[in-house]
Amino acid sequence: MAGRSADWLAHLLGVQGVGGSNPPAPTSLGQKSIKKAYYMRKIKVGIIGFGTIGAAVAKALMSRRQFLKEKSGLDISVVKICDKELRKKRPVKVPRKVLTGSISRVLYDPEIDIVVELMGGLIPAKDVVLEALRQGKHVVTANKALLSDSGSDIFKLANALDLCVGFEASVGGGIPIIRALKEGFVADRIDLVYGIINGTSNFILSKMAEEKLAFKDALALAQANGYAERDPRLDISGGDSCHKLSILALLGFGIAVKPDEIYTEGITGIEPSDIQFAREYGYAIKLLAIAKRSGRSVELRVHPTLIPHKHLLSDVSGVYNAIFVKGDLVGENLFYGRGAGGEPTSSAVVSDIVSIAKNMSDDYKSADYVTFRKDVDRVKKIEDVSMKYYLRFSAVDKPGVLAKISGILAKYSISIASVNQVQRKASSIVPVIIMTHEARERDMRAALKEIDRLSVIKKKTVRIRVEG
Ligand code: HSE
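Residues in the sequence shown are numbered from 26 upward in steps of one, following my numbering.
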């Protein structure tokens, strides 16, 4: 029935229906590929990378083929899945003939319209994506490391060949943030994008705060759930958030920023005591990725951040992501959803496939062609950014210590908002917590360098930035 209704719709629209036969395939790239697609309602997909996400995408496409036909009028089939490890058990049953260990079998299969790159990493993913485009295939990828490193090259080639690159799954798992920035807010000048965009780190911090789990146990749990990257250091070092922030910056502000231009600090230095102290002061600690425009420059930074409990982001826990976007017309918006894991990410990948497949039927450049307007010229140096800070000094408990600390802070024009000595232990080390008003990062670094040299300070001072 569904096939028939899609045929009926196709008839009305004057295009070939789901059940129709295809015209002879053209042999060259570019415009001809688009023409070929115009008559074709059968879409063939090749997946490269059969890990957590690849398996979830294959499962969604195969088990929902009819469902997607009814919702989109397209018959999308998976014709090849490539991975170097084919014997591993996956949560989806795939016909043997679909599986291959050879990337070429996907890239050079003339049947395949869309290549879905889910290998992750830069090598060989970059070559795979570029070659897929050269072969006249549209590409869908979830690879944020690749896009933050080589997005410009990829989009340039895709545009030159009139092909689409879908990357909804690269940021925020299943949250449609890419589409929102590209389409929903196309009328807006974006002023601010910030949020929690690494599910693994958020999961770890939540488990440490709520269940008092040790860092390594929380990380192991995140890995077992399939949230973490193949190399989980990317998650906990802030690298994954940094990659995603560079993609958001490209979409939001039109500026191509390499990961090493973004100040990035992960969550490995966060101690349970800081989570507890922060909570007593009315704050949660979250790994935030922040992009703030001011004039023609933008602040881009990733770091653990104290946010007040009254702030909406403080309640975002577990693997959930949340992203604030402020546009000059639309005002403030909050996107919230599962930011990692097979199923939510497969939702985003499939939405890209359907969107591209629909565009293949239209002979005009649509939302899946990536274009940018440059709204800023430079990234502000982190040293010039002003923020509020939480400082935890490990100090000897004796008269005059506070005066020494506050004297140095004053020397660097850092104003104190509150001071608290948490315990009283004669002749041993005690935590002294200071919350500051806004201070420049450059001044804070210089002050802490000087303070940490004092004989009354026994450990490197913990410094966490505060927002909100
Ligand atoms: N490792 C990533 C995360 C997966 O934890 O958010 C989604 O990009």
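Here a beta-carbon is modelled for each residue, glycine too, at the ideal position from N, C-alpha and C.
The count of Cβ pairs closer than 8 Å, one atom from the segment 158–167 and one from the segment 331–340, stays below three, leaving the stretches out of contact. Contact between G220 and N384 is absent: CB atoms are separated by about 28 Å, not below the 8 Å threshold. In the assembly as shown, T370 is a buried residue. Its beta-carbon has 16 or more other beta-carbons within 10 Å. Using a 10 angstroms sphere on the CB of Y133, the tally of other CB atoms stays under 16, which defines it as exposed.
Between E142 and I73 a beta carbon distance of about 5 Å is seen, short of the 8 Å cut, so the two are scored as contacting. Taken in chain order, the complete alpha helix (DSSP H) segments of 4 residues or longer contained in the segment 149–176 are 150–159. Restricted to the segment 376–453, the beta strand (DSSP E) segments that are unbroken, complete and at least 3 residues in length are 411–421, 441–446, listed in chain order. With a threshold of 16 other beta carbon atoms within 10 Å, N223 meets it and is buried.
The straight-line gap separating the alpha-carbon atoms of K483 and V426 is approximately 12 Å.
Annotated as distal: I101 and I128, with beta-carbon spacing of 8 Å or more. The beta carbon of L188 sits closer than 6 Å to the beta carbons of L158, H163 from its chain, once the five residues preceding and following it are set aside; these are given in chain order. One Cα belongs to N227, the other to V455, and the distance between them is close to 29 Å. Between P329 and I489, the gap from beta carbon to beta carbon is short of 8 Å. At least one heavy atom of ligand 1 lies less than 7 Å from the C-beta of A253. Counted as a single uninterrupted DSSP element, the stretch harbouring A347 is not any alpha helix (DSSP H) but the beta strand (DSSP E) occupying residues 345–352. In the DSSP annotation of this structure, the continuous segment of the beta strand (DSSP E) that includes P329 starts and ends at 322–333. Look at G146: its beta carbon is at least 7 Å from all of the heavy atoms in ligand 1. Distance check between I407 and each of E290, D213, V119 places E290 closest, using alpha-carbon atoms only. Under the three-state reduction of DSSP, E142 is assigned to strand. At least one heavy atom of ligand 1 lies closer than 7 Å to the C-beta of N223.
A direct Cα-to-Cα measurement between R321 and V190 gives close to 28 Å.
Contact between A83 and V119 holds: their C-beta atoms lie close to 6 Å from each other, under 8 Å. Short of 6 Å from the beta carbon of R417, and not among the five residues preceding or following it, lie these beta carbons of its own chain, in chain order: P456, I458, V487.
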